[in-house]
Amino acid sequence: MTCLELPLADWCCFLPFGLIVFVMIITHMWSFFVFVLLVDPTLPALGFNLGVGEGHIQCRDSERQALLNFKQGLVDNDDRLSSWGSEEGKRNCCQWTGIQCSRQTGHVTMLDLHVSDSELGDNNKPLRGKINHSLLELQHLNYLDLSYNDFQGILLPDFNGSLSKLRYLNFSNVGFTGTLSYQLRNLSSLQSLDLSYNKFTKVEKLDWLSHLSYLETLDLSGNSLGDGSDWARIVTKFPYLTKLQLRSCGIATIIPLSNFHANSSTSLSVLDLSSNYLSSSVFQWVFSLNSSLVHVNISFNQLEGTIPSLFGNFCRLRTLDLAGNKLTGPLPVVLEHLSACAESSLEILKLEMNRLHGSLPDFTGFSSLRELIVFSNQLNGSFPKSFSQNSGLIVLDVGGNQLTGSLPDLTMFPSLRILCIARNRLNGTFTESIGGLSELELLYASHNFFQGEITEAHFSNLSRLQELYFNDNPLALEFNSDWLPPFQLDVIGLMSCKLGPRFPAWLQTQKNFSVLDISDAEISGSVPKWFWNLPPRLFFLNISFNKLSGVVPDLSSKFIGSPGVDLSSNLFEGPLPLLPSNALSLNLAKNKFMGSISPVCKVIGWALNFLDLSDNLLSGVLADDCFRNGQQLIVLNLADNNFSGNIPTSVGSLSMLQTFGLRNNSFSGEIPLSLKNCSRLRFLDLSYNRLSGEIPAWIGESQLQLVFFSLQSNEFHGNIPLQLCRLQNILLLDLSMNNISGAVPNCLKNFTHMSRNQLDNNNNTYVYTFSTSSGEGNGFVGNYVDRALIGWKGRSYTFDKNLPLLRIINLAENKLSGEIPREITSLLAVGGLNLSRNYLTGIIPQEIGQLKQLQWLDLSRNRLSGDIPGSMAELNFLSYADLSYNNLSGRIPTSTQLQSLDASAFAGNVNLCGLPLIRNCPADEERPQVGQKNDDDQDNQEDDDEFRNWLFGGLGCGFFVGFWGVLGFLVQRPSWRLGSGH
Numbered sequence: 006m007t008c009l010e011l012p013l014a015d016w017c018c019f020l021p022f023g024l025i026v027f028v029m030i031i032t033h034m035w036s037f038f039v040f041v042l043l044v045d046p047t048l049p050a051l052g053f054n055l056g057v058g059e060g061h062i063q064c065r066d067s068e069r070q071a072l073l074n075f076k077q078g079l080v081d082n083d084d085r086l087s088s089w090g091s092e093e094g095k096r097n098c099c100q101w102t103g104i105q106c107s108r109q110t111g112h113v114t115m116l117d118l119h120v121s122d123s124e125l126g127d128n129n130k131p132l133r134g135k136i137n138h139s140l141l142e143l144q145h146l147n148y149l150d151l152s153y154n155d156f157q158g159i160l161l162p163d164f165n166g167s168l169s170k171l172r173y174l175n176f177s178n179v180g181f182t183g184t185l186s187y188q189l190r191n192l193s194s195l196q197s198l199d200l201s202y203n204k205f206t207k208v209e210k211l212d213w214l215s216h217l218s219y220l221e222t223l224d225l226s227g228n229s230l231g232d233g234s235d236w237a238r239i240v241t242k243f244p245y246l247t248k249l250q251l252r253s254c255g256i257a258t259i260i261p262l263s264n265f266h267a268n269s270s271t272s273l274s275v276l277d278l279s280s281n282y283l284s285s286s287v288f289q290w291v292f293s294l295n296s297s298l299v300h301v302n303i304s305f306n307q308l309e310g311t312i313p314s315l316f317g318n319f320c321r322l323r324t325l326d327l328a329g330n331k332l333t334g335p336l337p338v339v340l341e342h343l344s345a346c347a348e349s350s351l352e353i354l355k356l357e358m359n360r361l362h363g364s365l366p367d368f369t370g371f372s373s374l375r376e377l378i379v380f381s382n383q384l385n386g387s388f389p390k391s392f393s394q395n396s397g398l399i400v401l402d403v404g405g406n407q408l409t410g411s412l413p414d415l416t417m418f419p420s421l422r423i424l425c426i427a428r429n430r431l432n433g434t435f436t437e438s439i440g441g442l443s444e445l446e447l448l449y450a451s452h453n454f455f456q457g458e459i460t461e462a463h464f465s466n467l468s469r470l471q472e473l474y475f476n477d478n479p480l481a482l483e484f485n486s487d488w489l490p491p492f493q494l495d496v497i498g499l500m501s502c503k504l505g506p507r508f509p510a511w512l513q514t515q516k517n518f519s520v521l522d523i524s525d526a527e528i529s530g531s532v533p534k535w536f537w538n539l540p541p542r543l544f545f546l547n548i549s550f551n552k553l554s555g556v557v558p559d560l561s562s563k564f565i566g567s568p569g570v571d572l573s574s575n576l577f578e579g580p581l582p583l584l585p586s587n588a589l590s591l592n593l594a595k596n597k598f599m600g601s602i603s604p605v606c607k608v609i610g611w612a613l614n615f616l617d618l619s620d621n622l623l624s625g626v627l628a629d630d631c632f633r634n635g636q637q638l639i640v641l642n643l644a645d646n647n648f649s650g651n652i653p654t655s656v657g658s659l660s661m662l663q664t665f666g667l668r669n670n671s672f673s674g675e676i677p678l679s680l681k682n683c684s685r686l687r688f689l690d691l692s693y694n695r696l697s698g699e700i701p702a703w704i705g706e707s708q709l710q711l712v713f714f715s716l717q718s719n720e721f722h723g724n725i726p727l728q729l730c731r732l733q734n735i736l737l738l739d740l741s742m743n744n745i746s747g748a749v750p751n752c753l754k755n756f757t758h759m760s761r762n763q764l765d766n767n768n769n770t771y772v773y774t775f776s777t778s779s780g781e782g783n784g785f786v787g788n789y790v791d792r793a794l795i796g797w798k799g800r801s802y803t804f805d806k807n808l809p810l811l812r813i814i815n816l817a818e819n820k821l822s823g824e825i826p827r828e829i830t831s832l833l834a835v836g837g838l839n840l841s842r843n844y845l846t847g848i849i850p851q852e853i854g855q856l857k858q859l860q861w862l863d864l865s866r867n868r869l870s871g872d873i874p875g876s877m878a879e880l881n882f883l884s885y886a887d888l889s890y891n892n893l894s895g896r897i898p899t900s901t902q903l904q905s906l907d908a909s910a911f912a913g914n915v916n917l918c919g920l921p922l923i924r925n926c927p928a929d930e931e932r933p934q935v936g937q938k939n940d941d942d943q944d945n946q947e948d949d950d951e952f953r954n955w956l957f958g959g960l961g962c963g964f965f966v967g968f969w970g971v972l973g974f975l976v977q978r979p980s981w982r983l984g985s986g987h
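The opening position of the sequence shown corresponds to residue 6 in my numbering, with each subsequent residue numbered one higher.
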């Protein structure tokens, strides 16, 4: 019997012997390879690895040298590659920073030198320089990440024929330039490709992408696709593509739906086409892909119309971001459509900055919803009276709408961390249910109409609260003097809430705030000493518009970053305090500070943008070098003090200056020629000083951005330079109360912005951001508003936010002669014209009726003659006029405005007649009498006269009340206000 013929049971007896033989063979093989390893440590290159950790892997010499050559082309200021070297102890490249090797072969498989966000935040420096072509010798690389390094101006390496095993490639934010075309087409194993945010000057057609058939992730964001308008056709050919990101690619068009093939990608789950120029036709393409999309972002495009109901068919949809478009329709309908299938999956819904309207519906049926963001729409309804069920919502942002009514019970949102209801029209008392939101971190409720009291109950469980904004609500915060808040706030925004009259004691418990705004809070009395022991993280302090008093201590070391300090509109006294040298803005206006400005001169340096010391008791001569280091100053306001001497020539160093206010001091001498360097000036107020000389012609040559220019009440002489006519942007020109002679230039017609009814872009509010040097937070937004004292209808008013609405020419109280130039009537938008108290002759231009926006006209105390032009009857907005003490004659034209003026407006013109003067015109006296009137006719005439007097009187009073109502709205106190986040 042969072995093959043995029964199966008998074969089993040989099994123990076979196992013994197998073990002996394995043992001998192991001993053999240990011996070889002792002789040749590069054995892993043969395919074996004895160690468990990477420390036992030895890299190939050729690949080590390729990496060292690659390093030679780099600038490594942070020694990130200090472990890369050829000396003893550093020869094994598998142990170098950013390197991984195959544990079977020892080949370099991963090169990861990316710079993370946290590393950038720690001021780490990226690698710079060139990418050596030796990198292409690493043929076994499957992972390459150099993102967020700095290869500015370098061309993308040509990978054709190299790195064919590469599966992951990330060159995001490295600064590559040149043309992106076929350099990557042969990387056929690629599964993830990220070339986002480079500086390619051109991107060829994307056909080369079709060679990368295994792509799962593709990110070309931040690169203009240019000729790659066929992107939609190309990307739908990838069967494995799950993530497509094309943010900010300049995409404007999409091929018609009929051109798509049936084999479109069915695996796409993440789609980001944000910040392009796509129209609503993109919706068709999106819906043609599949209904398995999970994250969809088409924000900040040009989408219009209603949001398609087909999004309701995406049953896996977790994120839908359509923010920053022009989408319309009622929000309740949008949510109703989405509830069809996405009600249980949707987590993030971002629809901010569109044109949606309607009420805020009960959205608690979306059981997975975590973020609902619809700020800056046109929601004009209210909150639901109640919510039907508990919700896991974390973020609710409905700020910047027109929502009305009161807040409902919010206890249905126990997980809420961020609540923004700012900038609406919400009213009533603020719900105490807010105190039950124990997870709440940020509360933005600014700029509403909430009223009543805020008590301890509102904050009972808010131990996590970090940012509190109640700005600009008529709320009264009433706390017990011994109240201990459960929170430590980072941001305290209580502007225009009532906190006083006593200084709020609970602030003493807050040790970590970085922003404090308790301006306009009805607080009076001395500031307690403990308050000035400010937290070490502080970078914005605003206690303005109260009645706080006392001496301000040394603040030079109390702030971090580039801080803002606003102590304006209080009763602080004594010398100016020592101030932080790194400040971005300093506003100490409207106090009683006295003495020298020298403490401030010491802090005018690289950071300071805004300096307002106006309306104090400061005095002395300004040192000539005070402003020598103020190259960053945008606003410098020293108005309403007691400064004297010449204007320092160092103002010429303020090359960024846009606002320069020296009104109401005692400065003398001429305007320094160095001011010519301040070519960005928009607001220049030198009024009410003792300045002399001729008006410099160079102002009209170098200060072409001027919008406001006042030399009122000085000692200037000579003619008005014709160069001033080049100030096309000027809206207010005031040269009154000087000794200027000569004619009124007819070239004033070149003030083109006085000819336009539209407001253009002449905002006098400067917006700026405060931030800390460590980069904490997102910065903090504030603003500064120019203000000016304007002569208006015989009185002076302070204008601030509404200053750009004015269009005024004031040349009064000089020695001007000649005629009023007819060309001045082409300034169709002028609201105020004052040429009074000069030596002007001739007639009032007949075309004066073209000035349809004229509200104020003063031509008094000149030598004008002739009739009052009949066209003046067409000045429907004219509410103040003074033509007195001239040589005018004839009948006063008939109009509601002219007859409603006081008779004194026409006094001193002996040959004028007609209402409102009591002097009848000759034609009235010579009118023939036709028969004797009977008693009824006499009664009717008396009734007519009575009605006429009532009509004119009523119209005059009505216009007077209406106009002063509007002016009361315009004339506001100056403000330095703090933003509220939305």
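Note that CB positions come from ideal geometry on N, CA and C, so glycine has one too. Predicted, not measured: the structure shown is a model, and the values here were computed from it.
Integer-rounded CB distance, given that residue j should sit under 8 Å from residue i
| i | j | result |
| --- | --- | --- |
| residue 74 | residue 139 | 4 Å |
| residue 417 | residue 396 | 6 Å |
| residue 1000 | residue 692 | In the structure displayed, the chain extends from 6 to 987; residue 1000 sits before or after that span and is not available. |
Neighbour-count burial assignment, residue i, 16 or more Cβ in a 10 Å radius
| i | result |
| --- | --- |
| residue 563 | buried |
| residue 715 | buried |
| residue 250 | buried |
| residue 427 | buried |
| residue 208 | buried |
| residue 538 | exposed |
| residue 331 | exposed |
| residue 818 | buried |
| residue 885 | buried |
Reference residue i; option with closest CA among the options
| i | options | result |
| --- | --- | --- |
| residue 157 | 206, 606 and 744 | 206 |
| residue 761 | 749, 740, 750 and 735 | 735 |
| residue 650 | 657, 669, 670 and 626 | 626 |
| residue 437 | 459, 871 and 617 | 459 |
| residue 447 | 409, 456, 808 and 495 | 495 |
| residue 990 | 711, 721 and 727 | This structure gives no information on residue 990, because the portion of the chain shown stretches from 6 to 987. |
| residue 830 | 175, 902, 362 and 756 | 756 |
| residue 169 | 145, 179 and 152 | 145 |
| residue 646 | 629, 95 and 593 | 593 |
| residue 482 | 527, 470, 132 and 515 | 527 |
| residue 286 | 274, 298 and 303 | 303 |
CB contact flag (residue i, residue j, <8 Å)
| i | j | result |
| --- | --- | --- |
| residue 468 | residue 492 | yes |
| residue 2 | residue 605 | What the structure shows of the chain is the stretch from 6 to 987, and residue 2 is not part of that stretch, so it cannot be assessed. |
| residue 531 | residue 554 | yes |
| residue 633 | residue 655 | yes |
| residue 552 | residue 575 | yes |
| residue 151 | residue 119 | yes |
| residue 623 | residue 585 | no |
| residue 194 | residue 171 | yes |
| residue 239 | residue 283 | no |
| residue 398 | residue 377 | yes |
Counterpart residues of residue i in DSSP-defined beta bridges
| i | result |
| --- | --- |
| residue 839 | 815 and 863 |
| residue 796 | 801 |
| residue 383 | 362 |
| residue 133 | 80 and 155 |
| residue 335 | 362 |
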